[in-house]
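The next block holds one structure in the form of structure tokens; read it before the comments.
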Amino acid sequence: MRVRRCAGLSALALLAAVACGSDQAYWGDDPSAGSCQEGDVRLELDVGYHVCLRSCGEPGGCPAGYACEDTGGGVTACVRSCNVDWECLGLGACNTRLGFCTLPGSSCGEGIDGDEYGPGDCTGQGGGTGCLTVSCHDTAGNDAAIYCARRDEEPLCLDAPEVVCAAALAGTGTIEGDTELGKNTFSTTCGDGDTGEGQEQLYVYTAPVERSGQPGRLTLRLRPREGHVMYVRRQCTSQTLACAALEAGELDVPLVAGESLIVFVDAVSSGEEGTYWLDFTFTPDSL
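Per mature numbering (1 follows the signal peptide of the UniProt record, and there is no 0), the sequence shown runs over residues -25 to -1, 1 to 262.
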């Protein structure tokens, strides 16, 4: 294993190469923390991370989506590089602005930013929040299930909203749940309770159709009230329609037959997670 300082390539460029990919990146100066395999190039970055890169001796010595680059002192290693999408098979798409293969669906910030550069924003180069962390890259299956965010100026690895939403449970009758089994992806401010730090569970409720377009009201009752707040959105990442703070525990939301809502049960803060019961009751308006 060869150890090099980041010289030939800038630290930011290398972070862009690995931040949202599958290359291994580690924090700290302890050589035993995230040991590189024999023959790899361990590259020390000025920002406090080190990365393990596959060594190479010639331009054709790297797999598709990588290029053999001089990392300083004549030591060469395989760094993510591309010009067209087909060079990134299994690695996502080619971000031609940055020249790196990037996984779709990841982003930086308090949510999906939706711009064309996707995971490139994890370096702050795509107009994102400058979330400079290489621990938010997706290492399991390249399914872009993780994105990086900032809360209280600290970078976090969170489950991507689309992944959490797709796993939402069907809401009906009375449900016993546990936020300890949930994710910490969403947040809202409800009364005096900020739910930004706690884990949440999501439910999809669809109003029964007795007559097409018939209006009604969905009553949600959360028990017990302590430690959790409850809020409702039409879509996972849309604005909050209604919220029940700690002192309430009940919501009454207008809803049309056949319409769906996302119901969130969110722990107020980390450590407040626990079991609860949630009642769903739909009452059609009288004609």
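Positions of the beta carbon are idealized from the N, C-alpha and C atoms, including for glycine.
C140 - containing alpha helix (DSSP H), residue span
Position 165 of the sequence shown holds residue 140. Start and end: P136 to A141.
On the three-state DSSP scale, how would you describe G151?
Locating residue 151 in the sequence shown gives position 176, where the first residue counts as 1. The sequence given here places Glu at residue 151; Gly does not occur at that position. Strand.
Three-state secondary structure (DSSP) at P259?
Position 284 of the sequence shown holds residue 259. P259 sits in a strand when the DSSP states are folded into three classes.
For E247, which of L28, C11, G148 and N159 has the nearest alpha-carbon?
For the purposes of this step, residue 247 is taken as residue 272 along the sequence shown, with counting starting at 1. Here the closest residue by C-alpha is N159.
Best match in G48, C43 and G47 for proximity to S56 [C-alpha to C-alpha]
For this step, residue 56 is matched to residue 81 along the sequence shown. Of the candidates G48, C43 and G47, C43 places its Cα closest to the Cα of S56.
So, for V184: in the same chain, excluding its five sequence neighbours on each side, which residues have a beta-carbon less than 8 Å away from its beta-carbon?
By 1-based counting over the sequence shown, the position of residue 184 is 209. Result list for V184: A232 and G233, in chain order.
Over what stretch of residues does the beta strand (DSSP E) that includes F239 continue unbroken?
For this step, residue 239 is matched to residue 264 along the sequence shown. First-last of the beta strand (DSSP E) with F239: S235 to A242.
Give me the residue from H203, P136 and V54 with the minimum Cα distance to W252.
On the sequence shown, residue 252 is found 277 positions in, with the first residue counted as 1. Minimum Cα distance to W252 is reached at H203.
Identity of the residues DSSP links to S30 by a beta bridge:
Locating residue 30 in the sequence shown gives position 55, where the first residue counts as 1. S30 is bridged to A52.
Please confirm whether T194 and T258 have their CB atoms less than 8 Å apart.
Taking the first residue of the sequence shown as 1, we reach residue 194 at position 219. Taking the first residue of the sequence shown as 1, we reach residue 258 at position 283. Against a cut-off of 8 Å, the Cβ pair of T258 and T194 comes out as a contact.
For Y251, three-class secondary structure by DSSP:
What you label residue 251 is simply residue 276 of the sequence shown in a count that begins at 1. DSSP places Y251 in strand when its eight states are reduced to three.
Return the Cβ separation of E175 and F239 in integer angstroms, given the expectation that the two are a contact with Cβ distance under 8 Å.
As a working mapping, residue 175 is identified with position 200 in the sequence shown. As a working mapping, residue 239 is identified with position 264 in the sequence shown. Yes, they are in contact, since the Cβ atoms of E175 and F239 sit about 5 Å apart, within 8 Å.
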